[in-house]
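See below for the structure under consideration.
In my numbering, the protein residues as written are 18 to 158.
Structure, rendered in structure tokens:
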């Protein structure tokens, strides 16, 4: 049987772990037009909002929603022909320790947001997808 002191210490440790996990959190929202008249207008905006209890520092991973590169961050399911558009932009090598050392990050204060526009017409070749609706979703890297 645990003594009151040991139980109190375990409870305090568990409570601090829960508090630490709740302190940092963020939300991600992807928005774009409901329809576009030409593929050149296919742009979406990702919004990351700090929803936690303390400031966040987010690394600029090239495959993250923060990336300014024309990268392969989106999974495009296919158009009328059910053909997935091919990626045609850049591939990058990402080393988190180097990015952190170069301060390649975005700081978000409490409830602060950052918006990044992504021009999908420059990153993907839609010629095989055909006309019609093209479902999109953000990939996780």
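Heads up, the beta-carbon is just placed ideally off N, CA and C, and yes, glycines get one too.
Where does residue i land, buried or exposed, given buried means 16+ other C-beta within 10 angstroms?
i           : result
residue 63  : buried
residue 70  : exposed
residue 142 : exposed
residue 152 : exposed
residue 82  : buried
residue 132 : exposed
residue 72  : exposed
residue 84  : buried
residue 140 : buried
residue 65  : buried
residue 79  : buried
residue 93  : buried
Comparing alpha-carbon positions, which option in the options lies nearest residue i?
i           : options               : result
residue 136 : 100, 59, 54 and 50    : 59
residue 47  : 91, 120 and 106       : 91
residue 105 : 42, 93, 124 and 88    : 88
residue 76  : 138, 117 and 101      : 117
residue 16  : 74, 145 and 42        : Residue 16 lies beyond the range of the chain shown here (18 to 158); nothing can be said about it.
residue 49  : 40, 42, 108 and 61    : 61
residue 149 : 108, 107, 101 and 129 : 101
residue 145 : 54, 103 and 120       : 103
Sort out for me which residues DSSP pairs residue i with in a bridge.
i          : result
residue 65 : 45 and 131
Mind reading off the beta-carbon distance from residue i to residue j? Whole number of angstroms is fine, and I expect it under 8 Å.
i           : j          : result
residue 138 : residue 51 : Not a contact, Cβ separation roughly 17 Å.
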